[in-house]
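Undergrad: One structure, pasted below without further comment.
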Amino acid sequence: MPLTRRDFSAGLAAGLGGTLASPPLAAQPGPVQDVHYVRLAEPAPVTPGKIEVVEFFWYECPHCNAFEPALEAWARRQPEDVAFRRVPIWFREEPFTAQQRLFYALESLGVLETLHRRIYYAIHAERTRLRSSDEMVAFVTRNGVDGDKFMAAFNSFAVQAKGLQARQTAAAYKIDAVPAMGVQGRYYTNGTLANAAPQPKGSVPSNDRMLVVVDALVTRARKGGKA
Numbered sequence: 005m006p007l008t009r010r011d012f013s014a015g016l017a018a019g020l021g022g023t024l025a026s027p028p029l030a031a032q033p034g035p036v037q038d039v040h041y042v043r044l045a046e047p048a049p050v051t052p053g054k055i056e057v058v059e060f061f062w063y064e065c066p067h068c069n070a071f072e073p074a075l076e077a078w079a080r081r082q083p084e085d086v087a088f089r090r091v092p093i094w095f096r097e098e099p100f101t102a103q104q105r106l107f108y109a110l111e112s113l114g115v116l117e118t119l120h121r122r123i124y125y126a127i128h129a130e131r132t133r134l135r136s137s138d139e140m141v142a143f144v145t146r147n148g149v150d151g152d153k154f155m156a157a158f159n160s161f162a163v164q165a166k167g168l169q170a171r172q173t174a175a176a177y178k179i180d181a182v183p184a185m186g187v188q189g190r191y192y193t194n195g196t197l198a199n200a201a202p203q204p205k206g207s208v209p210s211n212d213r214m215l216v217v218v219d220a221l222v223t224r225a226r227k228g229g230k231a
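See the structure below:
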């Protein structure tokens, strides 16, 4: 189930995923438009040359945290023609702006791959607050990053510009819940759309089912958008 903009505004700790009336995805011949995914009326910009897959996330979202291991495993097995990237979501100034800049500052310093999962762990397992620049400096310093270099990156024009680009990308995909995924600027899905109703024991966990939908959409994009 995703965490929605409405959930955040109401101060809920978890998302309110809907239950779809359609059969489980495994019973379908493939993902169904407007049931398991949405096709954008206006395509979002993408980097040419590869099939772009985007994950929209928020570090404080418990569903994003739970989804991360499956997403990492999925990303590692993608072929060369798939370009995967993460986009930190922005719903309002606090706390999203600073956490977007945290992500892009670490990326610019070349340590994001090392610290991405550690941020989730710090927030959800250790109950560390990471909302102010002072809290972030303390965190990165504990993890071997020079605090002054981090702050220089955090306050840089390049990082602020990437935050703005992230907002534009999310707006193009009309993102209002996380975790969510976009494919090739054409398709959007989240845990609810991917048929995230409660499943029998042993079945694919709810948000992990997004990856089943995404795989099918990547194949469709590879064929030029044809089923």
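Residue numbers (this note's numbering): 5 to 231.
For each residue, glycine too, the CB sits at the ideal point set by N, CA and C.
These numbers come from a predicted model, not from an experiment.
Does the segment 181 to 192 touch the segment 47 to 60, meaning 3 or more C-beta pairs lie closer than 8 angstroms?
TA: Yes, they touch.
Undergrad: Decide if F161 is buried, meaning its Cβ has at least 16 other Cβ atoms within 10 Å, or exposed.
TA: Here the question's residue 161 lines up with position 157 in the sequence shown. When all chains shown are included, F161 counts as exposed.
Undergrad: The beta strand (DSSP E) with P92 in it runs from where to where?
TA: Residue numbering aside, residue 92 sits at position 88 when the sequence shown is read from its first letter. Counting along the chain, the beta strand (DSSP E) containing P92 begins and ends at V86 to P92.
Undergrad: Count the CB pairs spanning the segment 53 to 62 and the segment 35 to 45 that are closer than 8 angstroms, and state whether there are at least three.
TA: Not touching, per the Cβ criterion.
Undergrad: With burial defined as no fewer than 16 other Cβ atoms inside 10 Å of the residue's Cβ, what is the status of G148: buried or exposed?
TA: Sequence index remark: in the sequence shown, residue 148 carries index 144 (1-based). Exposed is the call here.
Undergrad: So the candidates are E46, F158 and A174; which of them puts its Cα closest to the Cα of V91?
TA: Along the sequence shown, read from residue 1 onward, the residue named residue 91 stands at position 87. For the residues E46, F158 and A174, the minimum Cα distance to V91 belongs to A174.
Undergrad: So, is D212 buried or exposed, given that buried needs 16 or more other C-beta atoms within 10 angstroms?
TA: Within the sequence shown, residue 212 is the residue found at index 208, counting from 1. Buried, by the Cβ-count rule.
Undergrad: So which of E84, P66, L106 and F88 has the shortest CA-CA distance to E76?
TA: Along the sequence shown, one-based indexing puts residue 76 at 72. Looking at the Cα atoms, F88 is the closest of the given residues.
Undergrad: How many Å lie between I239 and T223 at the Cα?
TA: Residue 239 cannot be examined here, being either before or after the span of the chain that is shown, 5 to 231.
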